[in-house]
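Engineer: To start, I am sharing the structure in question, which I have written as structure tokens.
Numbering (our numbering), first residue to last: 7 to 220.
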């Protein structure tokens, strides 16, 4: 006859131990889920952000930044821009301003600036003059769709709905973009995307209403 093995007290898990084990497992699961649902502060703070003291995101661009010419009477002064959250590994920065609503079939490039040092944290108001005198050393401004270098402000057709002016800051892996002096914005855009790590955008709005006839 085979004896039935008797379980001693060592083979029995007490109710208290079981509760503790269950609580421990639950605690670990909650901690893991919390880490997935709620990003850590370090992750949240690493978001790259582009800001301006002259207009808010999706806010109206002021006359100071509007183009002077083509029927527009602004001052054509580039806005103040500042940013944070530049990722590790960034070796240079690039900035563009683009209107996708321009009636050209391909939008309109208002500003193309490359080879900004990675340590740059802001651009002062009116930094986008054609001579680039106020820009960080080594920076390069390309010819825009206005046919010249530097910043060119908004000047949409009268009666159009407000256009979107998209300012985009790019963090790049390359210390410098190897482009010719007369490179088009489209060509520069291609090279930017080949070496981009991260980008941030700021959108300004501007339109010109039709004058009511009396």
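Note that CB positions come from ideal geometry on N, CA and C, so glycine has one too. This structure is a prediction, so every number in the text was calculated from the model and none was measured.
Spell out a yes or no on whether the segment 159-170 and the segment 203-216 are touching, meaning 3 or more CB-CB pairs, one atom from each, closer than 8 Å.
Structural biologist: yes
Engineer: How close, in whole Å, do the beta carbons of residue 64 and residue 209 come, if the pair is a contact with beta carbons under 8 Å?
Structural biologist: Between residue 209 and residue 64 the Cβ distance is about 5 Å, and since that is below 8 Å, they are a contact.
Engineer: For the segment 170-210, list the alpha helix (DSSP H) runs that are entirely contained and at least 4 residues long, ordered along the chain.
Structural biologist: 191-201
Engineer: With a CB to CB cut of under 7 Å and the five nearest residues on each side skipped, what residues in its chain are close to residue 204?
Structural biologist: 54, 93, 177
Engineer: How about residue 60 and residue 114: are their beta carbons less than 8 Å apart?
Structural biologist: no
Engineer: Under DSSP, the beta strand (DSSP E) around residue 88 begins and ends at which residues?
Structural biologist: Residues 87-90.
Engineer: For residue 57, collect the residues of the same chain with a Cβ closer than 6 Å to its Cβ; drop the 5 residues on either side in sequence, then sort them by chain order.
Structural biologist: Correct list, in chain order: 88.
Engineer: Only counting runs of 3 or more residues, tell me where the beta strand (DSSP E) segments fall wholly within the segment 101-144, in order along the chain.
Structural biologist: 114-123
Engineer: Can you tell me whether residue 179 is buried or exposed, with buried defined as 16 or more other CB within 10 angstroms of its CB?
Structural biologist: exposed
Engineer: Out of 78, 146, 199, 84, which has the shortest C-alpha to C-alpha gap to residue 121?
Structural biologist: 146
Engineer: Flag this pair as touching only if the segment 149-163 and the segment 100-116 have three or more C-beta atom pairs under 8 Å; answer yes or no.
Structural biologist: yes
Engineer: Beta strand (DSSP E) containing residue 55: first to last residue?
Structural biologist: 55-57
Engineer: Would you kindly work out how many angstroms separate the C-alpha atoms of residue 157 and residue 83, rounded to a whole number?
Structural biologist: 8 Å
Engineer: For residue 195, count the other beta carbons within 10 Å of its own beta carbon; 16 or more makes it buried, fewer makes it exposed. Which is it?
Structural biologist: Residue 195 is classed as buried because its beta carbon has at least 16 other beta carbons within 10 Å across all chains shown.
Engineer: Suppose contacts are defined by Cβ-Cβ distances below 8 Å. Is residue 148 in contact with residue 140 by that definition?
Structural biologist: no
Engineer: Roughly how many angstroms separate the alpha carbons of residue 201 and residue 123, rounded to a whole number?
Structural biologist: In a straight line, the C-alpha of residue 201 is about 15 Å away from that of residue 123.
Engineer: Taking 8 Å as the threshold (C-beta atoms), are residue 101 and residue 173 in contact?
Structural biologist: yes
Engineer: In this structure, what does DSSP give as the bridge partners for residue 74?
Structural biologist: 79
Engineer: If you draw a straight line from the alpha carbon of residue 185 to that of residue 70, how long is it in whole angstroms?
Structural biologist: In a straight line, the C-alpha of residue 185 is about 31 Å away from that of residue 70.
Engineer: Buried or exposed: which applies to residue 98, given that a residue is buried once 16 or more other Cβ atoms fall within 10 Å of its Cβ?
Structural biologist: Under the 10 Å beta carbon count, residue 98 is surrounded by 16 or more other beta carbons and is classified as buried.
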